[in-house]
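Just below is one structure, and these are the notes that go with it.
If you want it as structure tokens, here you go:
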């Protein structure tokens with residue numbers, strides 16, 4: 001069965017949704033429930049600590065939240081069947097570290113483990129025969145055409161908390177010092 005990556009208008013608390021991904025994904029209106037992924041074990045609610053959310057817009061298949069932090073826009077894409085999160089940092093003064101939460105108090109995702117390349121996989125399935133992964137993040141300079149992120153340009157750490165999981169994400173300081181802004185920081189959610 002093919003994956004449908006289209007993002008369409010949502011209902012109620014959700015501005016938009018991508019119902020045809022491996023697990024349906026809904027885009028919220030608050031920092032505490034920014035993204036919800038419906039799994040076989042129940043919803044996983046992703047939040048962005050300290051963010052301020054405006055009403056998102058959908059343009060060219062991209063959900064965009066403007067100024068979630070000063071100088072930082074947040075974009076979500078579903079191309080290639082993955083959930084790409086692009087933090088677009090306007091300049092070197094913009095925040096370069098972020099804390100995401102995954103509300104999963106029953107820890108239905110199971111134990112996270114990191115591979116040698118910096119990706120994090122959760123041990124339990126989110127759909128039949130399918131797991132969830134947070135690939136190694138990467139960053140690149142936004143100069144027109146999207147380019148592949150550079151290995152080592154960003155880092156993430158996943159920890160288990162009493163309410164689920166915390167994902168700490170940051171640009172590599174040495175890389176950022178040499179980067180030409182604006183910069184795109186691309187953590188993602190993928191299915192394996």
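Numbering (our numbering), first residue to last: 1 to 192. Here a beta-carbon is modelled for each residue, glycine too, at the ideal position from N, C-alpha and C. This one's a predicted model, so the numbers in the text were calculated from it and none came from an experiment.
Drop a sphere of 10 angstroms on the beta-carbon of residue 161, count the other beta-carbons inside from all chains shown, and report buried for 16 or more, exposed for fewer.
As a working note, residue 161 is residue 161 in the chain shown. Per the 10 Å Cβ criterion, exposed.
From which residue to which residue does the alpha helix (DSSP H) around residue 176 run?
The residue labelled residue 176 in the question sits at position 176 within the chain shown. From DSSP, the alpha helix (DSSP H) with residue 176 extends over 173-178.
Does the count of Cβ pairs from the region 52-69 and the region 165-179 closer than 8 Å reach three?
no
Beta-carbon within less than 7 Å of residue 181's beta-carbon, same chain only, minus the 5 sequence neighbours each way: which residues are those?
As a first step, residue 181 must be located in the chain shown, where it is residue number 181. For residue 181, where only same-chain residues beyond five positions count, the Cβ hits under 7 Å are 89, 90, 91 and 92.
Segments assigned beta strand (DSSP E), at least 3 residues, entirely inside the region 64-92
72-77 and 83-89
Output the distance between the C-alpha atoms of residue 125 and residue 40, rounded to the nearest integer angstrom.
Here residue 125 refers to the residue found at position 125 when the chain shown is read from its first residue. Here residue 40 refers to the residue found at position 40 when the chain shown is read from its first residue. C-alpha separation (whole angstroms): 8 Å.
For residue 18, collect the residues of the same chain with a Cβ closer than 6 Å to its Cβ; drop the 5 residues on either side in sequence, then sort them by chain order.
For the purposes of this step, residue 18 is taken as the residue at position 18 of the chain shown. Here the set comprises 7, 25 and 78.
Consult DSSP for residue 192 and reduce its assignment to one of helix, strand or coil.
Within the chain shown, the letter at position 192 stands for residue 192. Three-state result, residue 192: coil.
Specify the secondary structure class of residue 227 as computed by DSSP and reduced to three states.
A query on residue 227 cannot be resolved here, the shown segment of the chain reaching from 1 to 192 and no further.
Residues near residue 31 in its chain [Cβ-Cβ closer than 8 Å; skip 5 each side]:
By 1-based counting over the chain shown, the position of residue 31 is 31. The residues are 47, 48, 49, 50, 51, 52, 53 and 68.
Classify residue 36: buried if its beta carbon has 16 or more other beta carbons within 10 angstroms, exposed otherwise.
Stepping through the chain shown from its first residue, residue 36 is reached at position 36. Buried, because 16 or more other Cβ atoms sit within 10 Å of the Cβ of residue 36.
Determine the burial state of residue 159: buried for a count of at least 16 other Cβ atoms within 10 Å of its Cβ, exposed for fewer.
Mapped onto the chain shown, residue 159 falls at position 159. Answer is exposed; the Cβ neighbour count stays below 16.
Residue 128 burial status per 10 Å Cβ neighbour count (16 or more: buried):
Position 128 of the chain shown holds residue 128. So residue 128 counts as exposed.
Counting only runs of 3+ residues fully inside the region 3-53, write out the beta strand (DSSP E) ranges in chain order.
14-18, 25-28, 35-39 and 42-48
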